[in-house]
Ligand SMILES: [Zn+2]
């Protein structure tokens, strides 16, 4: 069994893995000032981005939930991996060969590399199923796909396959490739029976389900025979790599276009995703054997990203820009309406940008394409209506509005839905619309809302602030504390530019905020800026003099400081390192860094002068102590003047 990974190899992974690339697979990042990017945090639910990434230094930090760290920590946290597994994942991705220290004893729990093994098994299974589709026994699956309008191109793009109808075709194949029984069971692809291990999927069409990185983590399967005892659809059960509340079928193919077009189409089945992509709606995804829930909402929101360009057709009036379009297609039957209402109840802010597209004949997107073609499918998506409108119309559609009683019932039925719309202007707009549809006075519709308890969003409040139980080191609001924050941030981000501004004259007491004092102490304990210069010398000997050496040294110096800190201070250092400086271009960094550190030094000289002044007041005039303190005051005053003159 593998032991500890060698330190040099971990460092190499850390230096080679691109944080913006890794984060960018999950979060849409946009520029946030010089050298800094931001997006919606994948670790807490938010609508305005507080998740910052500093690519050059390989660090990230969320100012909303205070999570942060390096690339390894990001991969660990996002995929729920151990440190070793995260390093192995990144090493594979960036072509770093890992060497292990001898003598690392066997570990309990998830072994190192377990996840990679399971993903590898899925890769083998996917090829096995795909190959099987072309064989004589794949006939039923081929006919099924053909009847749904799919040719070789779609089959290959989605790597659809077929499973043999025998009991253990795949199980034997995986075993022959060296996978253990324990691994087979952990993938969910095999089941433990009384007479041994056998295949979960038999005689079915198979759709590989991939995560955002494109790794196959599970399968969706449809039966092809008429056996009344087996379910029509069957999915991979929950495993360490497959969580149905967090996977979306087609997301690996759709993610780029979702981010680019700021639009996502959510359909109900695997064939609907294929049909939509085949028809040119390349933002289509589907949940896998579960209802669309908050885990899915978070994935979508992260891809849609920050909100700056208004989406077509949506008018939000509270100043919040709409964050792109989320279009649900439903089959148009009662289940579809119920699902729409559920989606509505789940998340208000999401609902405000949500649309519904329903085919008038009750067909699903795949049927629409088979019977009427690509263009009809695109027209179906384009016919979307805002979710609120859809829900209100569905409610009214069940009533006879030709009678006065029906219209009164309509007002009563719409009341709670309208009252549940938190956005006031949007609520009034819909009240007016309902009044219009019913031919009633808008005031009667508004009165109906006051009599009811609104349909409320049951979700948790959005994480605008950090978890109160955490010790949070964050960018302060008050200007005195801000000077300290930015001076420290300038020092850890641009140590070379800070040199000469007097940073080395500061002491822990120069900082009023205890957390800043503690962080300064960490920097001071690491030799202050001299510590950085040591790293710079090493980096320059490795790669020559220049900006890349400065960047590498800055990064290594920061890593060494973070390593020497306790976890709370480490988070604080990370936060400082990714916190954008108030500059608009990287070449303003030096001027800013010098200025902010000088401002802090000036303030500190004033503090020191004040302290000495107070001491002088307590000392007898002619004592030796008095003359010493007085001389000190004179020298401090001289320095204060010097600082005033240069800045
Ligand atoms: Zn966060």
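Residue numbers (the working numbering): 54 to 700. Note that CB positions come from ideal geometry on N, CA and C, so glycine has one too.
Exercise. Is the beta carbon of residue 244 less than 7 Å from the beta carbon of residue 253?
Worked result: Translated into positions along the chain shown, residue 244 becomes position 191. Translated into positions along the chain shown, residue 253 becomes position 200. Yes; because the gap between Cβ atoms is below 7 Å, this pair is in contact.
Exercise. Short check: CB of residue 358 to CB of residue 607, under 7 Å?
Worked result: Here the question's residue 358 lines up with position 305 in the chain shown. Here the question's residue 607 lines up with position 554 in the chain shown. No, Cβ-Cβ distance for residue 358 and residue 607 is not below 7 Å.
Exercise. Pick from 221, 120, 241: whose alpha carbon is nearest that of residue 172?
Worked result: Within the chain shown, the letter at position 119 stands for residue 172. Ranking the options by Cα distance to residue 172, first place goes to 241.
Problem set entry | N- and C-terminal bounds of the beta strand (DSSP E) containing residue 340 | For this step, residue 340 is matched to residue 287 along the chain shown. Counting along the chain, the beta strand (DSSP E) containing residue 340 begins and ends at 337-340.
Exercise. How about residue 117: is its Cβ closer than 6 Å to a heavy atom in ligand 1?
Worked result: Here the question's residue 117 lines up with position 64 in the chain shown. Residue 117 Cβ: within cutoff of ligand 1.
For this session: Out of 532, 151, 318, state which residue places its alpha-carbon closest to the alpha-carbon of residue 60.
Result: Locating residue 60 in the chain shown gives position 7, counting from the first residue. It is 151.
Exercise. Can you tell which of 149, 229, 325 has its C-alpha closest to the C-alpha of residue 174?
Worked result: Position 121 of the chain shown, counting from 1, holds the residue named residue 174. Considering only alpha carbons, the answer is 229.
For this session: Examine ligand 1 and report whether any of its heavy atoms sits within less than 6 Å of the Cβ of residue 114.
Result: The residue given as residue 114 occupies position 61 in the chain shown. Not under cutoff, so the answer is no.
Problem set entry | Proximity to residue 141 [Cα-Cα], best of 66, 448, 110, 462 | Residue 141 sits at position 88 when you count from the first residue of the chain shown. Closest by alpha carbon: 66.
Problem set entry | Cβ separation of residue 218 and residue 255, assumed to be a contact under 8 Å, to the nearest whole Å | The residue labelled residue 218 in the question sits at position 165 within the chain shown. The residue labelled residue 255 in the question sits at position 202 within the chain shown. Contact holds; Cβ gap of about 5 Å.
Problem set entry | Coarse secondary structure for residue 410, derived from DSSP in three states | Position 357 of the chain shown, counted from the first residue, corresponds to residue 410. Looking at residue 410 - three-state DSSP - the assignment turns out to be strand.
Problem set entry | Environment of residue 372 [buried if 16+ CB atoms lie within 10 Å] | For the purposes of this step, residue 372 is identified with residue 319 of the chain shown, where counting begins at 1. For residue 372, the predicted structure reports a pLDDT of 33, less than 50, and the residue's modelled location is therefore unreliable. A value from the coordinates is still provided. Residue 372 is exposed by the Cβ-count criterion.
Exercise. Would you call the stretch 125-138 and the stretch 574-590 touching, i.e. three or more CB-CB distances under 8 Å?
Worked result: no
Exercise. Which residues in the same chain have their Cβ closer than 7 Å to the Cβ of residue 622, if we skip the five residues on either side of it in sequence?
Worked result: Taking the chain shown and counting its residues from 1, the one referred to as residue 622 is at position 569. Result list for residue 622: 571, 572, 575, in chain order.
Problem set entry | Beta bridge counterpart(s) of residue 383 as assigned by DSSP | Residue numbering aside, residue 383 sits at position 330 when the chain shown is read from its first letter. DSSP, once it has assigned bridges, lists 411 as partnering residue 383.
For this session: Pull up the distance between the alpha-carbon of residue 72 and that of residue 313, whole angstroms please.
Result: Walking along the chain shown from the start, residue 72 turns up at place 19. Walking along the chain shown from the start, residue 313 turns up at place 260. Residue 72 and residue 313: Cα-Cα distance of roughly 20 Å.
Problem set entry | Through-space distance from residue 113 to residue 4, alpha-carbon basis | Since the first residue shown for the chain is 54 and the last is 700, residue 4 is missing from the structure and cannot be characterised.
For this session: Please list, in chain order, all residues of the same chain as residue 485 whose beta carbon is under 6 Å from its beta carbon, the five residues on each side excluded.
Result: The residue you call residue 485 lines up with position 432 of the chain shown. Counting only Cβ-Cβ distances below 6 Å, and skipping sequence neighbours, we find 495.
Exercise. Is residue 96 near ligand 1, going by C-beta to nearest heavy atom under 6 Å?
Worked result: As a first step, residue 96 must be located in the chain shown, where it is residue number 43. Yes, Cβ of residue 96 sits closer than 6 Å to a heavy atom of ligand 1.
For this session: Note the first and the last residue of the continuous beta strand (DSSP E) segment covering residue 261.
Result: Residue numbering aside, residue 261 sits at position 208 when the chain shown is read from its first letter. It spans 257-263 - the beta strand (DSSP E) in which residue 261 sits, taken as one unbroken run.
Problem set entry | Beta-bridge pairing of residue 243 - partner residues as DSSP gives them | Residue 243 sits at position 190 when you count from the first residue of the chain shown. 252.
Exercise. Rounded to whole angstroms, how far is the Cβ of residue 280 from the Cβ of residue 251, which I believe are closer than 8 Å?
Worked result: Indexing the chain shown from 1 puts residue 280 at position 227. Indexing the chain shown from 1 puts residue 251 at position 198. Not really, about 16 Å apart at Cβ, beyond 8 Å.
Problem set entry | Helix, strand or coil at residue 115 [DSSP, three-state] | Residue numbering aside, residue 115 sits at position 62 when the chain shown is read from its first letter. Of the three classes helix, strand and coil, the one that applies to residue 115 here is strand, per DSSP.
For this session: Alpha carbon to alpha carbon, how far is residue 289 from residue 339? Give it in angstroms, no decimals.
Result: In the chain shown, counting from the first residue as 1, residue 339 sits at position 286. In the chain shown, counting from the first residue as 1, residue 289 sits at position 236. Approximately 15 Å between the Cα atoms of the pair.
Exercise. Would residue 337 pass as a contact of residue 326 if the rule is Cβ separation under 7 Å?
Worked result: Start at 1 with the first residue of the chain shown, and residue 337 comes out as number 284. Start at 1 with the first residue of the chain shown, and residue 326 comes out as number 273. Yes, the pair counts as a contact, with Cβ atoms nearer than the cut-off.
Problem set entry | Exposure of residue 598, with buried meaning 16 or more beta-carbon neighbours within 10 Å | Here residue 598 is taken as the residue at index 545 of the chain shown, counted from 1. It counts as exposed.
For this session: Identify whether residue 378 lies in helix, strand or coil by the three-state DSSP scheme.
Result: Residue 378 sits at position 325 when you count from the first residue of the chain shown. Here residue 378 sits in strand by DSSP.
Problem set entry | Per-residue DSSP class, three states only, for residue 192 | If you number the chain shown from 1, residue 192 lands on position 139. It is helical.
For this session: Can you grab the Cα-Cα spacing for the pair residue 686 / residue 352, in whole Å?
Result: If you number the chain shown from 1, residue 686 lands on position 633. If you number the chain shown from 1, residue 352 lands on position 299. So the two alpha carbons sit approximately 60 Å from each other.
For this session: Please check the pair residue 378 and residue 297, which I expect to be a contact at CB under 8 Å, by giving their CB distance rounded to whole angstroms.
Result: Stepping through the chain shown from its first residue, residue 378 is reached at position 325. Stepping through the chain shown from its first residue, residue 297 is reached at position 244. So it is not a contact: roughly 25 Å between Cβ atoms.
For this session: Please say whether residue 537 and residue 569 have beta carbons closer to each other than 7 Å?
Result: Sequence index remark: in the chain shown, residue 569 carries index 516 (1-based). Sequence index remark: in the chain shown, residue 537 carries index 484 (1-based). Contact: yes.
Problem set entry | Neighbourhood of residue 678 by C-beta, 8 Å cutoff - its chain only, sequence neighbours within 5 removed | Residue 678 sits at position 625 when you count from the first residue of the chain shown. Around residue 678: 672.
Exercise. In three-state DSSP terms, what is residue 530?
Worked result: Looking up residue 530 in the chain shown gives position 477. Note: residue 530 maps to coil in three-state DSSP.
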